[in-house]
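Remarks on the structure that follows.
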Amino acid sequence: MKHRNYSVAAVGANSVGSGTKLLISLVYDPYGMSTAHLIAVGSSPLGKTDLPGRDLFSTALAEAFEGLPDPAEVVDGLYVGAQSERYENQIMQGTLMAEWAGLRNVPAERVEACAAAGALALKNAVRDVRAGVHDAVLACGVEKMTAGGTEGATNALGAAFERALEQRSGITAPATYALLARRYLHETDATERDLGRIAVKNHRNAVDNPRAMFQQAVDIDTVMDAPGVAPPLKLYDCAPVTDGAAAVVVANDEVAADLQSRPDTVRVAGVGSAANNLAVAERDLTFVEGANVAASTAYEDAGVGAADIDVAEVHDAFTVCEALLAEAAEFAPKGRGIETVEDPEDRSAGWTDVRINTSGGLKARGHPIGATGLLQAVEAYEQLTGRAGKRQVADADTALLINEGGVADAHTVATVLTAND
Amino acid sequence: MTDTDSTTTGPLGPEDITADSPFTLPGFFDALAEGRLMAARCTECDTHLLPPRPACYGCGSRAVTLSEQPRTGEVISYTSVNRPPSAFDHLAPITVAVVELDSSARLTGRVAAPLEDVAIGDRVELRVCDPETVDIDPDFDLSYEEEWPIHVFELL
Numbered sequence: 177m178k179h180r181n182y183s184v185a186a187v188g189a190n191s192v193g194s195g196t197k198l199l200i201s202l203v204y205d206p207y208g209m210s211t212a213h214l215i216a217v218g219s220s221p222l223g224k225t226d227l228p229g230r231d232l233f234s235t236a237l238a239e240a241f242e243g244l245p246d247p248a249e250v251v252d253g254l255y256v257g258a259q260s261e262r263y264e265n266q267i268m269q270g271t272l273m274a275e276w277a278g279l280r281n282v283p284a285e286r287v288e289a290c291a292a293a294g295a296l297a298l299k300n301a302v303r304d305v306r307a308g309v310h311d312a313v314l315a316c317g318v319e320k321m322t323a324g325g326t327e328g329a330t331n332a333l334g335a336a337f338e339r340a341l342e343q344r345s346g347i348t349a350p351a352t353y354a355l356l357a358r359r360y361l362h363e364t365d366a367t368e369r370d371l372g373r374i375a376v377k378n379h380r381n382a383v384d385n386p387r388a389m390f391q392q393a394v395d396i397d398t399v400m401d402a403p404g405v406a407p408p409l410k411l412y413d414c415a416p417v418t419d420g421a422a423a424v425v426v427a428n429d430e431v432a433a434d435l436q437s438r439p440d441t442v443r444v445a446g447v448g449s450a451a452n453n454l455a456v457a458e459r460d461l462t463f464v465e466g467a468n469v470a471a472s473t474a475y476e477d478a479g480v481g482a483a484d485i486d487v488a489e490v491h492d493a494f495t496v497c498e499a500l501l502a503e504a505a506e507f508a509p510k511g512r513g514i515e516t517v518e519d520p521e522d523r524s525a526g527w528t529d530v531r532i533n534t535s536g537g538l539k540a541r542g543h544p545i546g547a548t549g550l551l552q553a554v555e556a557y558e559q560l561t562g563r564a565g566k567r568q569v570a571d572a573d574t575a576l577l578i579n580e581g582g583v584a585d586a587h588t589v590a591t592v593l594t595a596n597d
Numbered sequence: 119m120t121d122t123d124s125t126t127t128g129p130l131g132p133e134d135i136t137a138d139s140p141f142t143l144p145g146f147f148d149a150l151a152e153g154r155l156m157a158a159r160c161t162e163c164d165t166h167l168l169p170p171r172p173a174c175y176g177c178g179s180r181a182v183t184l185s186e187q188p189r190t191g192e193v194i195s196y197t198s199v200n201r202p203p204s205a206f207d208h209l210a211p212i213t214v215a216v217v218e219l220d221s222s223a224r225l226t227g228r229v230a231a232p233l234e235d236v237a238i239g240d241r242v243e244l245r246v247c248d249p250e251t252v253d254i255d256p257d258f259d260l261s262y263e264e265e266w267p268i269h270v271f272e273l274l
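For the record, the sequence lines run as chains A and B.
Numbering of the first sequence is given in this note's numbering, commencing with residue 177 and proceeding in unit increments.
Numbering of the second sequence is given in this note's numbering, commencing with residue 119 and proceeding in unit increments.
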């Protein structure tokens, strides 16, 4: 039953050296394919909290399943994005979260690609549902980043960078992104103030987001006068250390239709992912190629183009990322990603009218690493179902999520979501 | 295969991947300790891979060969790590840069100069330091890293 959508298309044998390999090709049978829908979302409080990771997960799960049957009656698999076991000295997060959700003897796996872990959980859930492997899957993410203080978070995040040459040179997350930012400012007309305005915009957006860690505006002078973390990046260019969790239920057509208490579901129209280089030195510092590939793949999968995207949640772990990702997603001409802060009518020719990071982004909503990709999905769900309150973008019916891990696009997952009419 | 002038060209066989080959990290750092900075060079597209590895990220080819690198290059980007990992705390602020060597190979490393003295385009030269002279908390090292040198760039 679980594999009903696959058939053996070809069987062959190939002699290589002394060994013989049996080759079996499995091809996908499109008649079994389902659309994947987001039928419910939830998130925990975001910030420095008293709750350990599993309890943060419980709060996100409780919100997602409000008014729904028990998780065990709805989902038959789980993926959890979790960046590091250093925070709570706990691996086996798949088993733990499944247990806390009341799921037993189902596939439950932790996935990891630093800050892209959350979207990786979503991608895997979508893949399973589309393929008919599962009818519904819980995609969740959790991170208890404050457990070891700032030092603990710095050390845990440092593991995302290339060990032999970069970690051993004392590099940190802000420093690797500062290397991108310095080069971006060198190659384009952008200024440090332009980057600072991205933080101002995202803080302004978060004022109207009840989920956000910082529901408060900041002015540009505050941003520019803040201490340097890794020049040219200053304190407000950097997303905060955040505790948090998020949970998203991904379901096939049948399950989505059965749960009529949530008629306003969202369709996963396209998914793309790509791994680029680990070492920052070996990248194009001003073009996040892997993100461009991931976004292009997701657009193609969804049958849309950049101009069709109404709202986007992109991975502004550092302000420069939002500019780079606006360009990689083909919203903005090269070198003009900084105009993400402008109203669409005030942007340069070649820009689309997309609204970026209406949630406040990683900067102001908060950035609990493994949960971030799913928090992006939560914002898109609210925008596409008309539940975004004062943040609501009129007529939003197509969203793009870009979630990255490692330095910029060391790993990127892009997801296109559309409103179900 | 300890020579830097080895003519080994991939695809590497299992017998090529030993701890004394610069295609592995122990071999790479052994060579570096002797003053030789080794990269892999892709014989298909000429991409330089530093440290060496068995396949080219530029074109996917495994036809890679070892190539000793020049020690000089220029700063492509730079910053200062004001809040470093705990093992490097006492060294803060740490100036770091992405350097493009004269061969086109790129690597990140510390710069032995204050941030304000560094600019994009500056010429630098790689210096190899004994790990004990660098004063990084020894607890930072994994067991197999203890003898590995640390590289630092000096402004020319």
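Don't be surprised by glycine CBs; every beta carbon is placed ideally from N, CA and C.
How many angstroms separate the CA atom of residue i from the CA atom of residue j?
i, j, result
"A421 (chain A)", "Y196 (chain B)", "34 Å"
"V405 (chain A)", "G128 (chain B)", "43 Å"
"F206 (chain B)", "A351 (chain A)", "14 Å"
"E342 (chain A)", "G227 (chain B)", "7 Å"
"E465 (chain A)", "A340 (chain A)", "23 Å"
"T136 (chain B)", "A508 (chain A)", "47 Å"
"K224 (chain A)", "T418 (chain A)", "6 Å"
"C229 (chain B)", "L143 (chain B)", "For the sequence presented, residue 229 (chain B) should be read as Val rather than Cys. Roughly 22 Å between the two C-alpha positions."
"M177 (chain A)", "G481 (chain A)", "Reliability fails at M177 (chain A), whose pLDDT of 33 lies under 50, so the model's placement of it is uncertain and the value that follows must be treated cautiously. One C-alpha to the other measures close to 36 Å."
"V236 (chain B)", "A354 (chain A)", "14 Å"
"T473 (chain A)", "A231 (chain B)", "43 Å"
"V203 (chain A)", "G253 (chain A)", "Bear in mind that a pLDDT of 46 at V203 (chain A), under 50, signals an unreliable position, so the model cannot answer this."
"D304 (chain A)", "T594 (chain A)", "19 Å"
"E338 (chain A)", "T330 (chain A)", "15 Å"
"L198 (chain A)", "V182 (chain B)", "Low confidence applies to L198 (chain A): its pLDDT is 48, below 50, so where it sits in the model is not reliable, and the reading given next is rough at best. About 30 Å."
"G542 (chain A)", "A556 (chain A)", "16 Å"
Please list, in chain order, all residues of the same chain as residue i whose beta carbon is under 6 Å from its beta carbon, the five residues on each side excluded.
i, result
"G545 (chain A)", "Per the sequence presented here, residue 545 (chain A) reads as Ile, with Gly not at that position. Q259, A291 and E319, listed in sequence order."
"D220 (chain B)", "P188, T190 and G191"
"R277 (chain B)", "Here chain B has residues from 119 to 274 only, and residue 277 (chain B) is not among them."
"L168 (chain B)", "A157, A223 and L225"
"C163 (chain B)", "G176 and C177"
"R459 (chain A)", "N453"
"D255 (chain B)", "A205"
"A525 (chain A)", "none"
Considering only C-alpha positions, which residue in the set the options is nearest to residue i?
i, options, result
"S222 (chain B)", "B:P144, B:N200, B:L274 and B:T190", "B:T190"
"A547 (chain A)", "A:P408, A:H491, A:A586 and A:V447", "A:H491"
"L560 (chain A)", "A:H587, A:G549 and A:N596", "A:N596"
"A488 (chain A)", "A:T441, A:T271 and A:G549", "A:G549"
"I308 (chain A)", "A:R373, A:N428, A:G446 and A:Y353", "It should be noted that the sequence gives Gly, not Ile, for residue 308 (chain A). Comparing Cα positions, the closest option is A:N428."
"C414 (chain A)", "A:E288, A:Y255 and A:A402", "A:A402"
"A277 (chain A)", "A:A248, A:E430, A:T441 and A:E338", "A:A248"
"G325 (chain A)", "A:A293, A:N378 and A:E264", "A:E264"
"D148 (chain B)", "B:T183, B:P249, B:D257 and B:R241", "B:P249"
"A499 (chain A)", "A:T235, A:R262 and A:D365", "A:D365"
"L130 (chain B)", "B:L184, B:N200, B:F146 and B:A151", "B:L184"
"L435 (chain A)", "A:Q568, A:E242 and A:E503", "A:E242"
"A388 (chain A)", "A:S535, A:H362 and A:A240", "A:S535"
"A293 (chain A)", "A:M321, A:Y255 and A:P283", "A:Y255"
"P408 (chain A)", "A:V426, A:K566, A:D519 and A:R359", "A:R359"
"V217 (chain B)", "B:R241, B:A173 and B:F146", "B:R241"
Given a cut-off of 9 Å, decide if residue j and residue i are closer than it, judged by their beta-carbon atoms.
i, j, result
"A451 (chain A)", "A505 (chain A)", "no"
"A357 (chain A)", "T495 (chain A)", "yes"
"R369 (chain A)", "I396 (chain A)", "yes"
"A564 (chain A)", "A382 (chain A)", "no"
"V676 (chain A)", "L576 (chain A)", "The requested residue 676 (chain A) does not occur in the structure, where chain A is confined to residues 177 to 597."
"A315 (chain A)", "V456 (chain A)", "no"
"G270 (chain A)", "R280 (chain A)", "no"
"F141 (chain B)", "R171 (chain B)", "yes"
"S345 (chain A)", "V193 (chain B)", "no"
Leaving out five residues on either side along the sequence, give the residues of the same chain with a beta carbon under 8 Å from the beta carbon of residue i.
i, result
"A238 (chain A)", "G218"
"G334 (chain A)", "Q343, I347, T348 and A349"
"A470 (chain A)", "G448, S449, A450, I578, D585, T588, V589 and A590"
"K299 (chain A)", "V447, S449, V589 and T591"
Got a sec? Which residues, its chain only, sit under 7 Å from residue i by beta carbon, not counting five neighbours each side?
i, result
"P202 (chain B)", "L209, A210 and I212"
"D384 (chain A)", "G565, K566 and R567"
Note down, in chain order, every chain E residue with its Cβ under 9 Å from the Cβ of residue i.
i, result
"Y175 (chain B)", "Looking for chain E here will not work: the only protein chains present are A and B."
Next item on the list: Please list the residues of the segment 210-242 of chain B that have a C-beta atom closer than 7 Å to any C-beta atom in chain A, keeping them in chain order.
Entry: I212, V214, V216, R224, L225, T226, G227, R228, L233 and I238
Contact residues within the segment 338-351 of chain A, judged by C-beta distance below 9 Å to chain B
E338, R339, A340, L341, E342, Q343, R344, S345, G346, I347, T348, P350 and A351
In the segment 129-157 of chain B, which residues sit with their C-beta less than 7 Å from some C-beta in chain A, listed in chain order? L143
What residues in the segment 180-206 of chain B have a beta carbon less than 7 Å from any beta carbon of chain A?
-> I194, S195, Y196, T197, S198, V199, N200, R201, P202, P203, S204 and F206
(request) Give, in chain order, every residue of the segment 311-332 of chain A whose Cβ lies closer than 8 Å to some Cβ of chain B. (result) T326, E327, T330 and N331
Near-chain B residues of the segment 355-378 of chain A (beta-carbon distance less than 7 Å), N- to C-terminal order: L355, R358, R359 and H362
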